Every structure is written in C-alpha cells, then in structure tokens.
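Asker: I'd like to ask you about the structure that follows.
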Ligand SMILES: Cc1ncc(COP(=O)(O)O)c(C=O)c1O
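Numbering (this note's numbering), first residue to last: 1395 to 1787.
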C-alpha cells in the first residue's frame, strides 16, 4: 500500500503541534490543579450581546453575509475604533470581518509574503506567529528579535540592525501590544520611533491590538496613529467582551491593501456566521465600555499576583496590559522551563506555560495568566511558596 502520509505538503509533518495545548491537556488530568495557563477571560459574555446572537437566529439571519462582513458590524467596528482610539477606517472598503485575529494573521501573511521575504518578529511572542502555516506556504523566512534584554520591547536600534542585515527582503513587521506573553505595553512615543524606522519603505506593519481594551496604566497607543498607510490593524471581540468562542475578528487596512487580503479570506472562509456577526455588532455598538469592570478586576489580580511572585523570587517586568505575567524562574530551581512546568504541576498542582513556547528570549521564563479567580490566585501562590521552599537548592 502506498504510504500517502509521505506525499503530503513538505514541511507540514515537521511543523510542531501546539506545545501549550499538549501541556494543558496533561495538567487538566490533575483534579485540583490551579491553572495559570488560560489565554482567555474567565468571564461570561455580557447578556445584551448574547441576546443579539439569539435574535439573529430568531430573525433568520441564516444566510451568507457579504464576504467582508455585514455592513452593520463593519460600521460598528469602524465607529468603535474611531471613538475609542482615533483610528479611521472606512467601513465600506477598509474593514474585513474574520474568524478572529487568528484568521487575520493567516490572511495577512498569505497576502503579503513572497518566497525569500522576511517577516520580523520581536520575541517572546504569542506562538501563533511562529507556527502560522501561511508562512510555511509562502516560502518566507522568520527573523526573530530577542527583546528579553530590553524589558521585552523592540527598540528602534535593533529593528534598524535587522533592516541593515536583510535589506529589501524585509516585508512584514509583526507588532502585538499589549503583548502576549509579557503584558508589556508600548508608549505612543515608542511606537512612533519604531514607525520612523520603516516609514516609506516597502514594509507592512501587522499590528495585533486584540488586547487594546486591557491597558492598565495608560490610554491605548497605536502604530496606526503614525504609520496609517503601512499598518494592517487587527482587533476583535475575543478578549474585551469575553467572546473567544464567537470567533469574530477584524482586519483594517487602506483600501487597496485590504482588497487583496480580502481575497484570501474569500478563499478560506467565505464569510463569518451571521448571528455571530450580529453579536459582535452589538458589542462594538452598545458595549463600548463593557470591558471596564473586567479590566478593574484584572488589575487587582495583576497586583496581587505580581507582588506574590516577586516575594517568592520570580523576577518579572510589571505588566501594564493584557492578563499575563512573564516571570523568570528563580535561581536554585529547575532552569529548563519545559522541565520546570512539569515538575511544578506534578509536585504542587500549579500549571503555568513554558516561556520557550514564545520563542527566542523565552527560555528560563514561565507565563502566568491571571484570567483566574482571585481565590485561585491566592491558592496558587500558597502552593508555589511551598514548592519554592522544598525545591530550591
Ligand atoms: C496576541 C494574540 N493575538 C491573537 C489571538 C487570537 O485571537 P482570536 O481569538 O481573535 O483569534 C490571541 C489569543 O490568545 C493573542 O493572544
């Protein structure tokens, strides 16, 4: 019999399965585990949004919507971005509704990269970027910039060095702020300085702003403000309205660029589920400040977890966005983060994510998500304290 598996897409078999999911499955089998691994809010979707989804079903919104998304949702998203962040996109031609930012990333990578092109990724960063199969297909190269020695922020100097090294091959710069996994947020001045490095060059800036509503210490800043014509902006309802399961994101870009990206979306998705678009429209239109109570709760948890971890000897940059803390494993404990997470979960029943999952600069760190109830955070800290006492050499 022919071994068909050997005739599949080259490189696919070597593409790693998501190690975060593998560990999460392992940890879930421990009955009383405290999980700091979640990448989604532990809140429910607001009721008025749920009602909009139900109404969409009852009103027989059961047909294909326009491929770029319903006009209602595109308009609501455009108005939300304009009112909240001063970002200007024409809903008729510059907003595309996607299956979450996950699809926005795939579409953009496929639409912008050619064989030999370089995609620049400041790391540690959300693993989706390094594992995106669009890159495998495009024949482009990923160049990582390790930010761990710069408080987890890309600097203009390091970006400039990469441009000098790779020259015209650089086509796409990936930016995510507030950042997963570090929770770090850039100031507007920092984003402007990075924009200056690539301004007027044939380089797109993919700006993943999915955590824009979860900024604790400053208003949201955006590269769109200083580099509108080169930015491909991504946002969505997953995090700010606790709607990860609804699977609705948006991609915004200048008209000519968006038209090309939309062709990829048409080919892989056609259009998003119509009642889910109704729900997302309600979120953007009538839920402008829905994230505020959740944000206040996250901020409280951040402070408790940050203080607790620091006391236990975990060195971490204080995060000012999203719901993650990236912590260095204290000296005297297992320094291989992949081994550390299994040892910690086996002995202390505390689950965290290995820093190496987020690529260069992540080794020796672990990510704590505080999308976990306060009593769980306190319990987790107690168990960690005992673990550190018993295992530190
Ligand atoms: C930085 C970042 N981008 C995108 C996503 C995925 O977003 P969506 O649910 O809209 O696909 C996540 C989810 O964890 C994320 O952390």
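Using N, Cα and C, we set each Cβ at its ideal position, and we do this for glycine too.
The structure presented is a predicted model; accordingly, all values stated were derived computationally and were not measured.
Going by other Cβ atoms of all chains shown within 10 Å of its Cβ, with 16 needed for buried, is residue 1399 buried or exposed?
Answerer: Exposed: under 16 other Cβ atoms inside 10 Å.
Asker: Is it buried or exposed, residue 1411, if we count other Cβ atoms within 10 angstroms and call 16 or more buried?
Answerer: Exposed, since its Cβ has fewer than 16 Cβ neighbours within 10 Å.
Asker: Hey, how far is the Cα of residue 1771 from the Cα of residue 1745?
Answerer: Roughly 11 Å separates the two Cα atoms.
Asker: How do the region 1582 to 1591 and the region 1546 to 1560 stand: do at least 3 beta-carbon pairs fall below 8 Å, yes or no?
Answerer: Contact between the region 1582 to 1591 and the region 1546 to 1560 is present, because at least three Cβ pairs lie under 8 Å.
Asker: Can you tell me where the beta strand (DSSP E) holding residue 1762 begins and where it ends?
Answerer: Run containing residue 1762: 1759 to 1763, per the beta strand (DSSP E) assignment.
Asker: In terms of residue numbering, what span does the alpha helix (DSSP H) encompassing residue 1649 cover?
Answerer: Its alpha helix (DSSP H) spans residues 1649 to 1662.
Asker: So, is residue 1458 buried or exposed, given that buried needs 16 or more other C-beta atoms within 10 angstroms?
Answerer: With fewer than 16 Cβ atoms within 10 Å of its Cβ, residue 1458 is classed as exposed.
Asker: Drop a sphere of 10 angstroms on the beta-carbon of residue 1607, count the other beta-carbons inside from all chains shown, and report buried for 16 or more, exposed for fewer.
Answerer: By the neighbour-count rule (16 or more Cβ atoms within 10 Å), residue 1607 is buried.
Asker: Short check: CB of residue 1603 to CB of residue 1571, under 8 Å?
Answerer: Yes. Within cutoff.
Asker: Do residue 1644 and residue 1491 have their CB atoms nearer than 8 Å?
Answerer: For residue 1644 and residue 1491, yes; Cβs fall inside 8 Å.
Asker: Considering just the uninterrupted stretch of the alpha helix (DSSP H) at residue 1413, what are its terminal residues?
Answerer: Run containing residue 1413: 1413 to 1422, per the alpha helix (DSSP H) assignment.
Asker: Taking buried to mean at least 16 other C-beta atoms within 10 Å of its own C-beta, is residue 1729 buried or exposed?
Answerer: Exposed.
Asker: Let me check understanding here. Comparing Cα to Cα, which of 1750, 1665 and 1479 lies closest to residue 1576?
Answerer: Checked all of 1750, 1665 and 1479; the closest Cα to residue 1576 is 1750.
Asker: Determine, using beta carbons only, whether residue 1760 and residue 1731 come nearer to each other than 8 Å.
Answerer: Against a cut-off of 8 Å, the Cβ pair of residue 1731 and residue 1760 comes out as a contact.
Asker: Specify the secondary structure class of residue 1451 as computed by DSSP and reduced to three states.
Answerer: Correct three-state label for residue 1451: helix.
Asker: Is residue 1427 near ligand 1, with its Cβ less than 7 Å from a heavy atom?
Answerer: False, no ligand heavy atom lies under 7 Å from that Cβ.
Asker: Using alpha carbons as the reference points, say which of 1614, 1415 and 1753 lies closest to residue 1477.
Answerer: That would be 1614, whose Cα lies nearest to the Cα of residue 1477.
Asker: Cβ-heavy atom distance between residue 1753 and ligand 1 below 7 Å?
Answerer: Residue 1753: no, Cβ never under 7 Å from ligand 1.
Asker: Looking only at its own chain, which residues have a Cβ that is under 8 Å from the Cβ of residue 1529, when we skip the five neighbours before and after it?
Answerer: Around residue 1529: 1503, 1507, 1513 and 1536.
Asker: To the nearest angstrom, report how far apart residue 1375 and residue 1695 are at their CA atoms.
Answerer: Examination of residue 1375 is not possible in this model, given that the chain is present from 1395 through 1787 alone.
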